[in-house]
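See structure below.
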Amino acid sequence: MAQVTLRKVVKKYDDTLAVRGIDLDIADKEFVVLVGPSGCGKSTTLRMIAGLEEISDGDIAIGGTIVNDVPPKDRDIAMVFQNYALYPHMTVHENMSFGLRLKKVAKDEIKRRVENAARILDITELLARKPKQLSGGQRQRVAMGRAIVRDPKVFLFDEPLSNLDAKLRVQMRTEIKKVHQKVRTTTVYVTHDQVEAMTLADRVVVMNGGLIEQVGAPNDLYHAPTTKFVAGFIGSPSMNFIPCRLEEASGALIARMGEVSLPLPEARTARYKPYVGKEVLFGLRPEHMTERRPYATGQPQDFSVTVDVVEPMGMETLLYFRINGVEVAARVEPTSAVASGEVMPLAADLAHMHLIDPATDKVV
Amino acid sequence: MVDAATGTMGVGTRAAARRRPGLFQRKSTIAFLMALPLILIIALLVLYPALYSMHLATLNKSMERFVGLGNFEFLFKRETFWMVVQQSCIFAITAVLFKALIGLFVAHFVHAIPNKGQRKWRGMLLVPWVIPPAMSTLAWFWLFDPSYSAFNWLFALVGIDPVPWLGDAYWARFSVILVNVWYGAPFFMIMYLAALKSVPEQLYEAASIDGANWWQRLWYVTLPMMRNIILITVLFSTIVTFANFDIVRVLTAGGPIDQTHVFATWAFKLGIEGGDIPLGASVSLFMLPILGLGAIFILRDINKRGNEA
Chain S
642 MAQVTLRKVV KKYDDTLAVR GIDLDIADKE FVVLVGPSGC GKSTTLRMIA
692 GLEEISDGDI AIGGTIVNDV PPKDRDIAMV FQNYALYPHM TVHENMSFGL
742 RLKKVAKDEI KRRVENAARI LDITELLARK PKQLSGGQRQ RVAMGRAIVR
792 DPKVFLFDEP LSNLDAKLRV QMRTEIKKVH QKVRTTTVYV THDQVEAMTL
842 ADRVVVMNGG LIEQVGAPND LYHAPTTKFV AGFIGSPSMN FIPCRLEEAS
892 GALIARMGEV SLPLPEARTA RYKPYVGKEV LFGLRPEHMT ERRPYATGQP
942 QDFSVTVDVV EPMGMETLLY FRINGVEVAA RVEPTSAVAS GEVMPLAADL
992 AHMHLIDPAT DKVV
Chain A
1418 MVDAATGTMG VGTRAAARRR PGLFQRKSTI AFLMALPLIL IIALLVLYPA
1468 LYSMHLATLN KSMERFVGLG NFEFLFKRET FWMVVQQSCI FAITAVLFKA
1518 LIGLFVAHFV HAIPNKGQRK WRGMLLVPWV IPPAMSTLAW FWLFDPSYSA
1568 FNWLFALVGI DPVPWLGDAY WARFSVILVN VWYGAPFFMI MYLAALKSVP
1618 EQLYEAASID GANWWQRLWY VTLPMMRNII LITVLFSTIV TFANFDIVRV
1668 LTAGGPIDQT HVFATWAFKL GIEGGDIPLG ASVSLFMLPI LGLGAIFILR
1718 DINKRGNEA
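From first to last, the protein sequence lines are chains S and A. Just so we're aligned: the first sequence equals residues 642 to 1005 in our numbering. Just so we're aligned: the second sequence equals residues 1418 to 1726 in our numbering.
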């Protein structure tokens, strides 16, 4: 059993707070991804779990034991670094077995474990090579192999795919997921790429400014963000935020955004009522603004816009236009024949809308 | 690289392109012409004296008769020669070893100092290497003075008998090595410091997660990563130390009773002071095969391993 627990963990560099007291419970065998923009404290948090950074305050426990003052080598963790950190003078086999050799594990056992890890990662024929003779993707596999042979309590990944090109990154992402399915080990994975976070994680931890914004399963974060930051960070292209004014007309609520006015779902009337007459932010993802479809579900509300930019993506087409002074994106079928400058009738699925209080940046 | 010769041919006709470029258009010719001044200087200042000393080594004392390897035969029969060979080896090996060890130790020390204060320390630690050795050795000479020097005075204060630094054969050998180490260690320090700085921090982090302690990180990560720099520095320093002249000359002039002579000082003594230039040339030539062999082995190893990092 290797759950990882963080209690009020703080990291201070001189006068700046990198991590401002975070609490996190990672269950045994769980795959947790820390995601956030650069400087949000996610890497620092991972390095504190690894023991590479001292914690300024709070407690970190691995498998129920507090490890605040335990050196990295005694924490029974393995880490995959962004630039792989393979020892250039050692062969792949030597790189992978280095930790075991230091621990004086029997030779047969080392051989068995290295060969097993090499088989999982499909690098058996590379074992005699040196890192310089490997491609980026192969080095990435070796770095993972070095972690697997250790059979640690916790895997730590520090932006492991950032140095790979886009195509390889997608491929390795799948590999990592497969490996985790084969080698069920508690995993903490740091990335700034929300797609990686969504695809890999059992649970995603969104961090911002040294604090945890929200923790949840990928789909929960996507569909039920609690803050404007999470709503905007998860999803690509990101959620549209349109300044609007809530008005009440004969019992129903209307969001007025310049020339566009949309009636809000009845079910939310009670929730949104305190904001009537106030300036708030209306949030809606691009895929919930589409062309009018006969089979549309939910409560599609029709409106029309003048399209500024058309971006055909192949599987979909993105439209950009302005509502109430801000740029807004919509996703339409690639078959929609629309050109920039044209007026396009669209439908908004308001069952997926969010209302954000600009005073707190929280989702109402 | 821009091909100067073919670059101009692109505009020519096909037939012209197929013709071999003229002698003065070829890249190799141009390169040779550019390097010619340097080649001439090297030939004049290095090659000519080297060949000339080989020629000298085959002559008799009055430089009138060709004696072949006669000078070497004569040297091999003399006890002093073998003592100089032995002393040169002891001097070079011990001095280089200590320079390398102290250099490595100090480099680690300086590397651990935060960047802000590091420049100051680097500068101060380089001082011994920057002062002309003939001058600094003179200062050491005074420090070693048996009756009036700082060392023996300090020893007297704490009740230790005065040490005959330069008067006793073993102490004199110790002293020349000490001064050579003092002079040469900063060079090792600065080279090793540069090498240490080029080792990525994440390798140490990976090693510490892999379970390596301080010593294992040094042995399995730092030293292998510094390997080429260490080998080149040691090779370079061995050559320079083996051929050292100024420190031994100023400090002991080879004494007492020739006990601290190295090749260069003994060659000087025989050739210039003793007036037997061919014999002196033979002594100095004797270093050549020893150093040549070492250089070949070390450079071959670096070539073989150099491409892996």
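Virtual Cβ for every residue (Gly too), placed ideally from N, Cα, C.
Asked, Found
"7 Å Cβ shell around A:Phe1483 - same chain, five flanking residues per side excluded", "Thr1475 and Leu1476"
"Three CB pairs or more closer than 8 Å across the segment 785-801 of chain S and the segment 717-730 of chain S", "yes"
"Local conformation of S:Leu959 per DSSP, three classes", "strand"
"Residue burial classification, A:Met1704 (beta-carbon count within 10 angstroms, cutoff 16)", "buried"
"Residues that DSSP places opposite S:His995 in a beta bridge", "S:Gly924"
"Own chain, CB closer than 6 Å to A:Phe1714, minus 5 neighbours either side, in chain order", "none"
"Backbone CA spacing between S:Val847 and A:Phe1653 [nearest angstrom]", "55 Å"
"Residues in the segment 1638-1651 of chain A having any Cβ partner in chain S nearer than 8 Å", "Val1638, Pro1641, Met1642 and Arg1644"
"Interface residues of chain A facing S:Asn804 [CB-CB closer than 9 Å]", "Under the 9 Å cutoff, chain A gives no residues; its nearest Cβ is about 12 Å from S:Asn804."
"Where A:Lys1614 falls, given that 16 or more other Cβ within 10 Å makes a residue buried", "exposed"
"Cut-off 8 Å between Cβ atoms - residues of its own chain near A:Phe1561, not counting five sequence neighbours on either side", "Phe1568, Trp1582, Leu1583, Ser1592 and Leu1668"
"A:Leu1595 to A:Gly1520 span [Cα, whole Å]", "14 Å"
"Contact list for S:Phe722 against chain A, beta-carbon separation under 8 Å", "Gln1619, Glu1622 and Ala1623"
"Rounded straight-line distance, which links the Cα of S:Pro678 to that of A:Asp1718", "46 Å"
"Cβ-Cβ separation, S:Glu983 to S:Val948 (assumed contact under 8 Å), whole Å", "6 Å"
"Contact the segment 763-770 of chain S vs the segment 724-733 of chain S: 3+ CB pairs below 8 Å", "yes"
"Amino acids of chain A, ordered along the chain, whose beta-carbon sits closer than 9 Å to that of S:Leu693", "Glu1622, Ser1625 and Ile1626"
"Straight-line Cα distance separating A:Ala1611 from A:Gln1442", "41 Å"
"S:Pro793 - containing beta strand (DSSP E), residue span", "No beta strand (DSSP E) contains S:Pro793, which DSSP labels as neither H nor E."
"Contacts that S:Lys683 makes with chain A (C-beta to C-beta distance below 7 Å)", "Within 7 Å Cβ-Cβ: nothing; S:Lys683 doesn't reach chain A, min ~17 Å."
"S:Gly704 versus S:Ser981, S:His995 and S:Ile690, residue with shortest Cα-Cα distance", "S:Ile690"
"Nonlocal neighbours in the same chain, by C-beta distance under 7 Å from A:Val1463, ignoring five residues either side", "none"
"S:Phe722 vs S:Tyr830 beta-carbon contact at 8 Å", "no"
"Which residues DSSP lists as bridging S:Pro904, in chain order", "S:Ile895"
"Outcome for A:Val1501 when other beta-carbon atoms lying within 10 angstroms are tallied against a minimum of 16", "buried"
"Assigned secondary structure, S:Gln774 (DSSP; H/G/I helix, E/B strand, else coil)", "helix"
"Among S:Lys808, S:Lys771, S:Ala747 and S:Gly786, the one whose alpha carbon lies nearest that of S:Val755", "S:Gly786"
"Whole-number beta carbon distance between A:Trp1546 and A:Tyr1609, since they are thought to touch under 8 Å", "At roughly 13 Å, the Cβ-Cβ gap does not stay under 8 Å, so A:Tyr1609 and A:Trp1546 are not in contact."
"8 Å contact criterion, which S:Thr868 and S:Val1004 should meet: CB distance rounded", "6 Å"
"The ligand MN heavy atom lying under 7 Å from the CB of A:Ser1566", "Here there are no bound small molecules, and the ligand MN is not part of this structure."
"First through last residue of the alpha helix (DSSP H) which encompasses S:Met737", "Val733 to Leu743"
"Residues near S:Asp1002 in its chain [Cβ-Cβ closer than 8 Å; skip 5 each side]", "Thr868, Lys869 and Phe870"
"Min CB distance A:Gln1503 to chain S below 8 Å", "no"
"Three or more C-beta pairs below 8 Å linking the segment 1692-1708 of chain A and the segment 1620-1635 of chain A", "no"
"Contacting residues, own chain, Cβ-Cβ under 8 Å from S:Ile895 (five flanking each side not counted)", "Leu887, Glu888, Glu889, Ser902, Leu903, Pro904 and Leu905"
"Residue-level contact to chain A via CB, S:Ala988, 8 Å cutoff", "no"
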